[in-house]
Amino acid sequence: MQDIRVIPCKAFKEKPVDETRLGFGKKFTDYRFCMDYYDGAWQDPRIEPNEPFVLDPATSVLHYGQSIFEGMKCYRREDGGLQLFRAKDNFARMNRSADRLSIPQFDEELVLEGLIKLLNIEKDWVPHAEGTSLYIRPTIIATDPFLGVGAGKNYKFYIILAPSGAYYASGLAPVGIYVEDHYVRAVRGGFGFAKTAGNYAASIKAGEIAKQRGYAQVLWLDGVEQKYVEEVGSMNMCFIIDGVIVTPELNGSILAGITRDSILKLCKEMGYKVEERRISIDEVFEAARAGKLEEAFGTGTAAVVSPVNALCRDQEEIKIGDGNIGPITQKLYDTLTGIQFGKLEDTHNWVMRL
Ligand code: COI
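The opening residue of the sequence shown carries number 23 in the numbering used here; numbering runs sequentially from there.
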């Protein structure tokens, strides 16, 4: 394995004083992990000061979006120790995204070692306040200063760290979601399953419209018939209909969420019936009208388990539950975060202690 050198910082940032007001992804630590791809190989893995990059205005990622990223977290346990959750799964998914974007594969063990080394240097940045963690953002960008469209020959891999609180400003309070049936996020054969900038860029306009209408996020429908539920950009969706936990199947156009997978495993262990299948938006609305849509929630690294208390499509708004977080959603949130923060036993080998 390649050696990971450390380039020392000359100046250090002030750490956040009030950890209850961190927000999400606003402040970054002193160091990052970084390596570069050139001459056909990933080279010079290093920990270096997290300073701005100098990029040529022609840099290909700025024009054609050849970039991928991941999201994971480092949690502080009650005993002060630190732990990661399913980090190996994130790096494996990142290599799947890399393949779809024609970005060269990287050594997953090397970057995990780089991340651990980075976290050991930055351990004091992992916040202590309830519900906070150190958000980890591994990213790869194409760095060729070239305006032709094609796979680059030069890339940068970096991992930055952001002490963060809840993704939604409302915290664990339920959010309302707008069903988007004009714009689409991903199409058959596209790259909806990849964590790549374009998927998020495609969502911004619809997200702004949803916000103007008073909704926190957009629920995407499939890009072919605009009939089946896909995902909410920042999270996968689950509905509890008549006691059954129903979630869209992995069809190549939604992200294979690691939180989604963890929640589905926990649901099955808790004895709930789980269905991964196509679910039409009509079915969701009909279940709500019939009083059978008991709960709805999203899952994601940043979003964790986020209760949804309203869905709006065209002019029709359905309310879900009594407006508060539902009992199963709360139980799943408590169990997942219990494992992530080391309060509950990890029987799945998901946690890596640092
Ligand atoms: C994550 O959950 O880690 C993501 O990357 C979603 C992003 C919208 C914050």
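All C-beta atoms in this analysis are idealised placements derived from N, C-alpha and C, irrespective of residue type, glycine included.
Quick one: Cα of residue i to Cα of residue j, how far?
i	j	result
K32	G245	50 Å
G279	D111	10 Å
P67	G360	34 Å
I276	R210	10 Å
M259	V326	12 Å
F319	I143	36 Å
G236	A219	25 Å
I347	V171	47 Å
T351	V330	10 Å
E308	A184	41 Å
N371	G364	12 Å
F91	R159	7 Å
G47	V206	26 Å
D344	A332	10 Å
A164	I125	8 Å
G265	Y294	8 Å
W64	G229	36 Å
V133	C334	42 Å
T321	M116	18 Å
L286	E317	15 Å
E202	S284	27 Å
E252	A208	9 Å
G62	I303	46 Å
L288	E271	17 Å
D78	E135	30 Å
M57	L141	16 Å
F5	A188	Shown here, the chain extends from 23 to 376; a query on residue 5 therefore has no answer.
G212	E36	42 Å
A224	R118	20 Å
Y177	V254	29 Å
Y355	E70	35 Å
A312	Y190	30 Å
W242	F261	15 Å
Within this structure, are the beta carbons of residue i and residue j separated by less than 9 Å?
i	j	result
Y59	K175	yes
T269	E305	no
I267	K314	no
F50	F179	no
L137	A109	yes
I301	Y250	yes
L123	S89	yes
Q105	V373	yes
M23	D101	no
Mark residue i as exposed unless 16 or more other C-beta atoms lie within 10 angstroms of its C-beta, in which case mark it buried.
i	result
A232	buried
I226	exposed
D21	Because the chain is modelled from 23 through 376, residue 21 falls outside the range shown and cannot be assessed.
S192	exposed
P349	exposed
E367	exposed
P149	buried
S256	buried
I29	exposed
E247	exposed
K217	buried
T323	buried
T281	buried
F8	Residue numbering for the chain in the displayed model covers 23 to 376; residue 8 lies beyond these limits and cannot be assessed.
T154	buried
L376	exposed
M94	buried
V39	exposed
A238	buried
Considering only the alpha carbon of each residue, which of the options lies closest to residue i?
i	options	result
C96	G87, F107 and I90	F107
L156	R99, A228 and E202	R99
H204	V240, G198, T51 and Y190	V240
K353	A324, E152 and L194	L194
E152	P71, E41, V83 and A224	E41
E291	A114, T357, R27 and D61	T357
H85	N117, L169, F215 and I303	L169
G87	D61, E70, A114 and T161	T161
Y53	F128, V39 and W147	W147
N273	A238, G214, C289 and A312	G214
I234	Y189, Q24 and G198	Contrary to the premise, residue 234 reads as Gln rather than Ile in this sequence. The option with the nearest alpha carbon to Q234 is G198.
D25	T369, E131 and P38	E131
P196	I182, F113 and S328	S328
D336	A173, Y200, K145 and E73	Y200
E73	I182, Y190, E338 and K341	I182
E339	A310, Q362 and Y355	A310
R43	K341, A173, S186 and T369	S186
G103	G45, A114 and K145	K145
Could you check whether the Cβ of residue i sits closer than 9 Å to any Cβ belonging to chain E?
i	result
R159	Checking the listed chains, one finds no chain E in this structure; it contains a single protein chain.
Subject >> Environment of the ligand COI in chain order, Cβ to heavy atom below 5 Å >> reply: G93, S256, G322, T323 and A324
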